[in-house]
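*Asks:* Chains as they are written, first to last, in the working numbering: chain A, -12 to 503; chain B, 24 to 234; chain C, 11 to 275.
All C-beta atoms in this analysis are idealised placements derived from N, C-alpha and C, irrespective of residue type, glycine included.
Bear in mind that the values here come from a model prediction, so they are computed numbers and not experimental data.
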Amino acid sequence: MPDDARSPAASGTAGGAGGVRPGARVVAHGWGWRHAARHAHAVRGLDLVVEPGERVLLLGASGAGKSTLLAALAGVLGGDEEGDAEGTLTVDDREPADQRGRVGLVLQDPDSQVVLARVGDDVAFGCENLGVPRDEIWPRVDAALADVGLDLPRDHPTTQLSGGQQQRLALAGALALRPGLLLLDEPTANLDPAGVVEVRDAVARTAAATGTTLVVVEHRVSTWLPVVDRVVVLAAGGGVLADGRPDEVLVAQRDVLVDAGVWVPSVPAALPARRERPADAAPPAPLLRAVQLAVGRGGRRRPAVATGVDAVVREGTALVVTGPNGAGKSTVALTVAGLLAPVGGDLVADDALAAGAGPSPVRWRSRQLLTRVGTVFQHPEHQFLAPTVRRELAVGPEALGLPAEEVARRVDALLARLRLAHLAEANPFTLSGGEKRRLSVATVLATSPRVLVLDEPTFGQDARTWRELVALLGELLDEGAAIVAVSHDAEFVAAVADEVLDLAAHTVPLAERHAP
Amino acid sequence: MAVHTSAPSTTQGTVPTKRPSRRWRVVDIVVASVIGVASGVVFWAWGLAWTPLSGVLSFTPGLEGLLGGGWLFAAVLGGIVVRKPGAAVYTEVVAAVVSMLIGTQWGFSTLIWGVVEGLGAEIVFAIVGYRVWHLGVVLLAGAGAGVAVGLLDTTFSSIAAFALPYKLVYFFSSVVSGVVLAGVLPWLAMRGLARAGALDRFAAGRGAARV
Amino acid sequence: MSVVLAPVDAPGAIGRVSPVAKLGAAVVLSVALLLSIDPVSAGVALVLEVLLLPFAGLSVRQLALRTLPLWIAAPSAVVATALYGRDEGAVLWQAWFVTVTEGSLDLALAIGLRILAVGIPGIVLFATTDPTDLADGLAQVLRLPARFVLGGLAGLRLVGLFVDDWRQLALARRARGVADGRGPVAATRRLAGQAFALLVLSVRRGSKLATAMEAKGFGSDAPRTWARPARWAWRDTVLLAIAVLVAAVAVTAAVLADAWELVLA
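1) Tell me residue 427 of chain A's beta-bridge partners as DSSP assigns them.
2) Output yes if chain A places a C-beta closer than 7 angstroms to the C-beta of residue 106 of chain B; else output no.
3) Whose C-alpha, out of B:135, B:177, B:208 and B:108, is nearest the C-alpha of residue 86 of chain B?
4) Check the Cβ of residue 324 of chain A against every Cβ in chain C and list those closer than 7 angstroms, keeping chain order.
5) Report all residues from its chain with a CB closer than 7 angstroms to the CB of residue 502 of chain A; omit the five preceding and five following residues, and keep chain order.
6) Do the stretch 218 to 235 of chain C and the stretch 102 to 109 of chain A make contact, defined as three or more Cβ pairs closer than 8 angstroms?
7) Would you please verify whether the beta carbon of residue 196 of chain B is less than 7 angstroms from any beta carbon of chain C?
8) Hey, quick one: how far does the beta strand (DSSP E) through residue 94 of chain B stretch, first residue to last?
9) In this structure, what does DSSP give as the bridge partners for residue 22 of chain A?
10) Could you tell me which uninterrupted beta strand (DSSP E) segments, each at least 3 residues in length, are contained entirely in the stretch 426 to 479 of chain A, listed from first to last along the chain?
11) Starting from the Cα of residue 172 of chain A, find the closest Cα among A:96, A:212, A:306 and A:395 and give me that residue.
12) Given this structure, state the Cα-to-Cα distance separating residue 475 of chain A from residue 460 of chain A, to the nearest angstrom.
13) Do residue 420 of chain A and residue 187 of chain C count as a contact pair if the criterion is CB distance below 7 angstroms?
14) Starting from the beta carbon of residue 224 of chain B, find every residue of chain A whose beta carbon is closer than 8 angstroms, and list them in chain order.
15) Please list the residues of the stretch 212 to 232 of chain C that have a C-beta atom closer than 8 angstroms to any C-beta atom in chain B, keeping them in chain order.
16) Let me know the secondary structure DSSP gives residue 247 of chain C once reduced to three states.
17) If you measure between the beta carbons of residue 457 of chain A and residue 180 of chain A, is that distance less than 7 angstroms?
18) Helix, strand or coil, according to DSSP, for residue 233 of chain B in the structure here?
19) What did DSSP end up calling residue 170 of chain B once you bin it into helix, strand or coil?
20) What does DSSP give as the partner residue(s) for residue 169 of chain A in the beta ladder?
21) At the 7 angstroms Cβ level, is residue 124 of chain C part of the contact set with chain A, yes or no?
22) Give me the Cα-Cα distance between residue 102 of chain B and residue 109 of chain B, rounded to the nearest whole angstrom.
23) Comparing C-alpha positions only, which one of A:144, A:434, A:405 and A:289 sits nearest to residue 422 of chain A?
24) Within the present structure, is the beta-carbon of residue 143 of chain A separated from the nearest heavy atom of the ligand MN by less than 6 angstroms?
25) Thinking C-beta only, is residue 89 of chain A closer than 7 angstroms to residue 144 of chain A?
26) Name, please, each residue of chain C whose Cβ falls closer than 9 angstroms to the Cβ of residue 48 of chain B.
27) Whose C-alpha, out of B:227, B:59, B:228 and B:223, is nearest the C-alpha of residue 64 of chain A?
28) Could you give the distance in angstroms between the alpha-carbon of residue 262 of chain A and the alpha-carbon of residue 409 of chain A?
29) Closest to residue 186 of chain B by C-alpha separation, out of C:93, C:214 and C:125, would be which residue?
30) Give me the chain A residues within the contact set of residue 179 of chain C, using Cβ-Cβ distance strictly less than 7 angstroms, ordered along the chain.
31) Starting from the C-beta of residue 530 of chain A, find all residues in its chain whose C-beta is less than 6 angstroms away, skip the five residues before and the five after it, and write them out in chain order.
32) For chain A, check one thing: does any of its Cβ atoms lie closer than 7 angstroms to the Cβ of residue 219 of chain B?
33) Quick one: Cα of residue 198 of chain A to Cα of residue 299 of chain A, how far?
34) Can you name the residues that DSSP bridges to residue 144 of chain A?
35) CA-CA distance, residue 123 of chain B and residue 161 of chain C?
36) Please state the DSSP three-state secondary structure of residue 139 of chain C.
Right under this line is the structure:
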């Protein structure tokens, strides 16, 4: 097999005759970085050494510079044009930017890492860039796909992959480079539980087989504990807060980590305090009924994604819809919210909810939806309409035609309630993930709908935002709102749900659905 | 192993600017392509709408030149976001290719038109040495693209079959359309993108007040 | 839209022709026909193209679907030219500033035929072209800079995501209470808002994709290899020769019939 000087001579074996050692060594000495567009440093005064073959879990509050450090190690931080660096950061004693093939990077967004339209081509892309000879490329591609467990033909379209598959594809692309250092920046944040396990297992297998140095940034500590042997916590102002074996650091820094939104395994998820319902009180009034509801994306007489759904949404109660990937949960949520027309069956709004607008939510006018059913989308960015947070919150009340003082009053109340006051003049797209989620919930609350529909509200959120969201939902339930949530987060279901609807029994199998 | 001496940390206000290099980074290429592809889809839709819209404007034939700017904004928007030599031509060509691939009535000539229209804007940016990016230059670039498409259409396309007065009307409405649809619109779009934090890796995003 | 953009898997010989050759053929034909507005060159070219259509590898239905824009555009251009075109010869009808003359009818016919003759090769040839293969061809055969070709291809691939995003944006606007307005002004505002939101999302996604590509070693000047070879074969030369032949026959016929009028003159 031809010897490529930039990568280990043979796959999987440590060292070769005079070859490069598989694991890379990382040394940071007083390293710092400031983005050109910001005033504050992203990272400052970092001193860190990672030995070859070590597996490190990198933790810290958001803003502590974890992503910046990973980007710098991969050599993609941008040159002088994009910011100022101080100190030194080396991979195998060389500049990271000179070593691009030595370092593999997997990022958070599954669909923003796919480069080409076919699976095989996408994995081969990295090898092409490094000048690997053609007859070596395809064997590497096949080996990488096998390593991550993606059993797909080379010309399978990348648009037809699930999130977990796309992340594994990105991982395969990184592995095909035969990197000495593997960097993972929140790789499982945007995946459902099955996908999380798939990716974690693929990484564990690779780390065990090749002795590659591994650095993982993640909130989900318990997922990665079996894989890593060292935990490093970065401090928000710069520098390293803690560094050592996982069990030691997690105990010693428990409070700091909990504050930073890390899911510390020993700390149980907080349950919201709900008002006790007196035993002899009347059952809560129903607001929406689904009768043999069939949902799909095309309206009546189109193929259905899920059928035979029977449910009643009652005030003051939470109904959570669960099910595996592709079960149609989002479609159910959007149909219940009156945004998609039911494909079959009926969705009926009781008079208590409809208040004169008619029994069929999908026929309501957009303005009528505001006070009846509010929807929080899976990706908050789809909902943003205005250039500042304040104007964003005002969109709903203004659409209702409320007077200006009332609008201002509501906006200020929400800014305070959801801790967004300091961001009132910022552009919604520039907020962090947790802040965007809070903002999207706040915009829905501005018009006080009686039913709240949430599509994967805890998707990609850290523990702190999770706690706040769950507490907020508890308050809303006590105030009499009804909640319909779609979630694959088992802890969320346990914390919030009064009723659970499992779509697995209602889903139409893929083979019977035609492509929309 | 290079040791970078730290730049003096800024207390407030000015972020020290560096002379931008002329070489295209990967992010320049990809974002210009994205703008081009997005514009290409809009161009295709605009092309479909052109037939009924030009019918509406046909009370004075030649006024459909006012619609011409709808195919020009990719060049200017790409130029002012990426700010590198060739950005205007590249973005407009990508947009033309995409609209052509989806299927237009003008077939392959879409590509040729795209190149020339892109050059119309590119020449303006080149004249100011790729250093000046305020509103005046942007409007001028839009006008440049309008001139390009006006000349092309009145010579080679079906407009060439019109009588001279109508050709003149067409030419001038193309320039006006270029200034408005390919000058004002890209300017507003760029400002909106910068405020939304989408241009963090670009010089265009530096002006927006950041935390 | 993905229906329209997705290339057809052509069973015949056309499927194995290099996309660069298809591009070259389309260029040759278009340039030759665009140089003059006359019914003879356009008509002859159109006839020859129709004769070659069975080799295109598309079914009748696919053909009809993809050339749809042409069938809408050609008649309307014919009408417009007949009414407002350059006037020559006997006046056939007049009202206000609209004049229909023999000359303008001639021009109208020429324009209509030309739209079809120029449009059909472009659409048909690209219907069977996979964008990745085209990029490979452009970079390996024509030696265009790989950074630009592949960067452009990556940007093109992001189109598929636009469609889903657009739907979500529309639904979100209904959910936020702003999807009610009727009439062109409200619809335009809504459309513009959605288009801008899509632009923001796309540029952000493009920036992230650029980072991912750089992390895989893309963008440096180091020499690069190609996993999918793109070579120029004899059938590519044949296609190009056919295109040149069709163009030559069309132009010659027009010159011989004394109908050729160079637009630049």
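*Replies:* Reading off the structure:
1) Answer is none; residue 427 of chain A lacks a bridge partner.
2) So no, residue 106 of chain B is outside the interface.
3) For the options B:135, B:177, B:208 and B:108, the alpha carbon positioned closest to that of residue 86 of chain B is the one of B:177.
4) What residue 324 of chain A touches in chain C, judged by beta-carbon distance under 7 angstroms, is 185, going in chain order.
5) Below a pLDDT of 50, predicted positions are generally treated as unreliable, and residue 502 of chain A, at 45, falls in that range; the measurement from the model is reported next regardless. Nothing meets the Cβ criterion.
6) With a cut-off of 8 angstroms, the stretch 102 to 109 of chain A and the stretch 218 to 235 of chain C count as touching, because enough Cβ pairs lie within range.
7) No, residue 196 of chain B does not count as interfacial toward chain C.
8) Residue 94 of chain B -> no beta strand (DSSP E), and no H or E assigned at all.
9) Residue 22 of chain A is bridged by DSSP to A:70.
10) Runs of the beta strand (DSSP E) inside the stretch 426 to 479 of chain A: 438 to 442 and 469 to 473.
11) Of the residues A:96, A:212, A:306 and A:395, the one whose Cα lies closest to the Cα of residue 172 of chain A is A:96.
12) Counting only the Cα atoms, residue 460 of chain A lies some 17 angstroms from residue 475 of chain A.
13) No, these two residues do not count as a Cβ contact at 7 angstroms.
14) Within 8 angstroms Cβ-Cβ: 65 and 69.
15) Against chain B - using a Cβ distance shorter than 8 angstroms - the residues of the stretch 212 to 232 of chain C are 212, 213, 214, 215, 216, 217, 219, 220, 221, 223, 224, 228 and 229.
16) DSSP places residue 247 of chain C within a helical segment (H, G or I) once states are collapsed to three.
17) No, the pair does not count as a contact, with Cβ atoms beyond the cut-off.
18) Only weak support is given to the placement of residue 233 of chain B: the predicted model assigns it a pLDDT of 44, under 50, and the question is left unresolved by the model.
19) Residue 170 of chain B sits in a helix when the DSSP states are folded into three classes.
20) A:91 and A:201, per the DSSP bridge assignment.
21) Closer than 7 angstroms: no.
22) The alpha-carbon of residue 102 of chain B is positioned some 8 angstroms away from that of residue 109 of chain B.
23) In this structure, A:405 is the residue among A:144, A:434, A:405 and A:289 with its C-alpha nearest to the C-alpha of residue 422 of chain A.
24) Among the components of this structure there are no ligands whatsoever, and the ligand MN is therefore not found.
25) Pairing residue 144 of chain A with residue 89 of chain A gives a Cβ-Cβ distance that is not under 7 angstroms.
26) Chain C residues near residue 48 of chain B: 220, 224 and 229.
27) Considering only alpha carbons, the answer is B:223.
28) Whole-angstrom Cα-Cα distance: 31 angstroms.
29) Per the Cα distances, C:93.
30) Going along chain A in sequence order, the residues near residue 179 of chain C (Cβ under 7 angstroms) are 369.
31) Chain A is shown only over -12 to 503; residue 530 of chain A falls outside these bounds and no answer can be derived.
32) Yes, residue 219 of chain B lies at the interface with chain A (some Cβ there is under 7 angstroms from its Cβ).
33) Rounded to whole angstroms, residue 198 of chain A to residue 299 of chain A spans 54 angstroms at the Cα level.
34) Looking at the DSSP assignment, residue 144 of chain A forms a beta bridge with A:105.
35) Their Cα atoms are separated by approximately 19 angstroms.
36) DSSP places residue 139 of chain C in coil when its eight states are reduced to three.
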